[in-house]
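Numbering (the numbering used here), first residue to last: 45 to 542.
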């Protein structure tokens with residue numbers, strides 16, 4: 045008999061059993077592999093110390109079957125699962141013309157399941173029966189290890205009064221493997237902060253996902269050690285994006301004194317508030333800075349040598365190297381003024397182990413002559429560099445810092461004094477000869493060697509003539525620089541030593 049003829053009786057039987065909603069016994073044959081009626085569980089393996097849903101596979105069911113009374117008992121390394129499989133019955137619809145002839149007592153019958161015909165393709169592979177569901181069990185957090193799974197199917201009449209007497213059979217569903225979670229040290233962000241002010245401190249770990257949420261947060265500061273305690277939970281059914289990055293709780297930190305602190309993460313046990321001890325792992329070092337953090341832009345290096353190309357670095361404590369970048373950078377000079385323009389771009393999606401501040405753009409500079417150069421920053425708007433474009437009217441920017449071009453920090457004062465006119469001090473007034481040059485209006489500024497502006501004035505005179513400048517107050521003992529800008533824009537530095 046051909047393969048097609050052998051399949052016809054089986055197909056007819058399959059149709060009959062599908063209509064009646066009954067499970068059809070399957071016999072092994074040369075064309076069909078035997079069906080394993082045993083139980084199994086999934087997911088398998090799973091992770092320790094996290095609640096999860098465990099599904100029981102291999103239970104005979106159809107569209108009339110609903111599962112109830114799922115129960116879990118864990119004794120040592122054995123998991124006992126029990127459930128009840130109920131069959132749904134309904135009143136059949138009565139045709140309108142036959143209502144009067146309908147019997148007085150309702151007739152119930154199982155719902156007719158959709159007809160699924162068992163067919164064989166050219167490879168003689170059986171198309172599976174439709175999937176109708178399976179028992180689901182809410183599992184408690186389990187310790188790492190291997191567990192034997194025992195299954196008992198109960199019956200609804202066992203829970204009624206009076207109850208029925210039915211022997212309950214225990215079947216094996218194999219084993220469940222619970223794997224340990226990788227023990228990775230924590231990291232913190234930020235890694236530095238200012239003293240005497242509260243801040244947010246985030247504890248991060250790759251052991252957590254976007255579906256992890258945290259509560260019972262605690263902060264303990266003992267000497268120069270900080271312990272961050274937390275209790276983590278996993279949301280069931282949350283689909284996280286395929287992005288490998290750390291997650292963790294954020295703690296409200298109190299104001300700390302300046303110093304270096306060692307930080308630990310304390311993961312409370314899943315049974316909290318039980319008496320079991322949690323797990324403590326290192327999280328890095330937190331630096332609390334006692335100095336006053338500068339606001340706005342400032343120069344990383346304020347003194348550079350003359351007649352040599354160099355890099356001009358701008359810094360700002362409001363930006364860090366993790367989530368900030370700078371584009372459309374340009375730099376120009378006008379007289380002795382330097383103007384740096386750039387677009388600040390934020391990248392909040394970036395997650396870094398350390399966010400280093402201050403941070404800012406860098407510019408390649410041509411060689412400058414010895415002198416004193418005020419530096420201004422122009423922060424562009426996005427519409428100035430990308431469509432739709434906008435026109436912005438800006439006032440002249442105010443210099444935020446001063447670049448001093450000299451050979452050394454001391455400005456080689458002996459050489460400078462030998463080549464520059466001598467400045468004579470009389471109380472708060474400075475008297476000196478103007479450098480050789482054209483006549484007109486000269487501008488003078490008194491600054492410290494670190495570039496801090498003290499006072500400025502304007503005066504008229506011819507090159508080589510003597511002039512006086514009122515400093516406005518007695519200059520304390522120290523070294524100062526008097527910057528002179530000639531009418532033609534040329535700059536000169538005159539040292540003042542008191």
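For every residue, glycine included, the Cβ atom is placed at its ideal position computed from N, Cα and C.
Quick check on this structure: which residue in 192, 297, 204 has the alpha carbon closest to the alpha carbon of residue 84?
Comparing Cα-Cα distances from residue 84 to each of 192, 297, 204, the minimum goes to 192.
Please state if the CB of residue 93 and the CB of residue 225 are separated by a distance shorter than 8 angstroms.
Yes, the pair counts as a contact, with Cβ atoms nearer than the cut-off.
Kindly examine the ligand ATP and report whether one of its heavy atoms sits closer than 7 angstroms to the Cβ of residue 395.
This structure lacks the ligand ATP; in fact it carries no ligand of any kind.
Taking the C-alpha atoms as reference points, what is the distance between residue 523 and residue 471?
16 angstroms
Under 8 angstroms Cβ to Cβ from residue 389, same chain only, skipping five residues before and after it: list those, please.
368, 369, 370, 371
If you draw a straight line from the C-alpha of residue 529 to the C-alpha of residue 359, how long is it?
28 angstroms
Let's test the definition: count the other Cβ atoms within 10 Å of the Cβ of residue 203 and tell me whether it reaches 16, buried, or not, exposed.
exposed
At which residues does the beta strand (DSSP E) containing residue 183 begin and terminate?
Note, residue 183: beta strand (DSSP E), 180 to 183.
With a threshold of 8 angstroms, are at least 3 pairs of Cβ atoms found where one atom belongs to the region 475 to 490 and the other to the region 392 to 411?
no
Excluding the 5 residues preceding and the 5 following residue 316 in the sequence, name in chain order all residues of the same chain whose CB lies nearer than 6 angstroms to its CB.
275
Can you tell me whether residue 439 is buried or exposed? The criterion is at least 16 other CB atoms within 10 Å of its CB, across all chains shown.
exposed
Residue 180: which of 186, 220, 116 sits nearest, CA to CA?
116
In chain order, which continuous runs of the beta strand (DSSP E) of length 3 or greater are located wholly inside the region 347 to 379?
354 to 360, 368 to 378
Out of 341, 246, 97, point me to the one whose CA is closest to residue 422's CA.
The shortest Cα separation from residue 422 among 341, 246, 97 belongs to 341.
Just reading off the beta strand (DSSP E) that residue 238 is part of, what are its end residues?
Where residue 238 is concerned, the enclosing beta strand (DSSP E) stretches over 236 to 238.
Distance, Cα to Cα, residue 473 vs residue 490?
12 angstroms
In the DSSP assignment, what are the bridge partners of residue 504?
485
Assuming contact is defined by CB atoms lying nearer than 8 angstroms, are residue 261 and residue 310 in contact in what I supplied?
no
Taking only three categories from DSSP, how would you classify residue 418?
strand
Just to confirm my understanding: we take residue 323, look at its own chain, exclude 5 residues before and 5 after, and list those with CB closer than 6 angstroms. What are they?
Answer for residue 323: 311, listed in chain order.
Between which two residues does the beta strand (DSSP E) holding residue 312 run?
Counting along the chain, residue 312 falls outside any beta strand (DSSP E), and DSSP gives it neither H nor E.
Leaving aside the five residues before and after residue 298 along the sequence, list all residues of the same chain whose C-beta is less than 8 angstroms from its C-beta, in chain order.
242, 263, 265
Cβ atoms of residue 253 and residue 233: under 8 angstroms apart, would you say?
The beta carbons of residue 233 and residue 253 sit no closer together than 8 angstroms.
Under the DSSP definition of a beta bridge, which residues are partnered with residue 428?
Its beta-bridge partners do not exist; DSSP assigns none.
Starting from residue 513, follow its DSSP beta bridges and name the residues at the other end.
474
Can you give the beta carbon distance from residue 110 to residue 199, rounded, assuming they're within the 8 angstroms contact cut?
So it is not a contact: roughly 14 angstroms between Cβ atoms.
Just verifying my parser: in three-state terms, what is the DSSP assignment at residue 320?
coil
Round the Cβ separation of residue 122 and residue 210 to the nearest angstrom and send it over; I've been treating them as touching at under 8 angstroms.
The Cβ separation is near 23 angstroms, so there is no contact.
Rounded to whole angstroms, what's the CA-CA distance from residue 328 to residue 301? Just pull it up for me.
Rounded to the nearest angstrom, the two C-alpha atoms are 18 angstroms apart.
Alpha carbon to alpha carbon, how far is residue 103 from residue 126? Give it in angstroms, no decimals.
12 angstroms
Starting from residue 266, follow its DSSP beta bridges and name the residues at the other end.
269
Straight-line CA distance for residue 362 to residue 444?
Rounded to whole angstroms, residue 362 and residue 444 show a C-alpha spacing of 15 angstroms.
Is the beta carbon of residue 313 less than 8 angstroms from the beta carbon of residue 320?
yes
Taking C-beta to C-beta, are residue 220 and residue 88 nearer than 8 angstroms?
yes
Given this structure, state the Cα-to-Cα distance separating residue 441 from residue 376, to the nearest angstrom.
13 angstroms
Grab me the residues of residue 506's own chain with a C-beta within less than 6 angstroms of its C-beta, minus the 5 sequence neighbours each way, in chain order.
Same-chain partners within the cutoff: 483.
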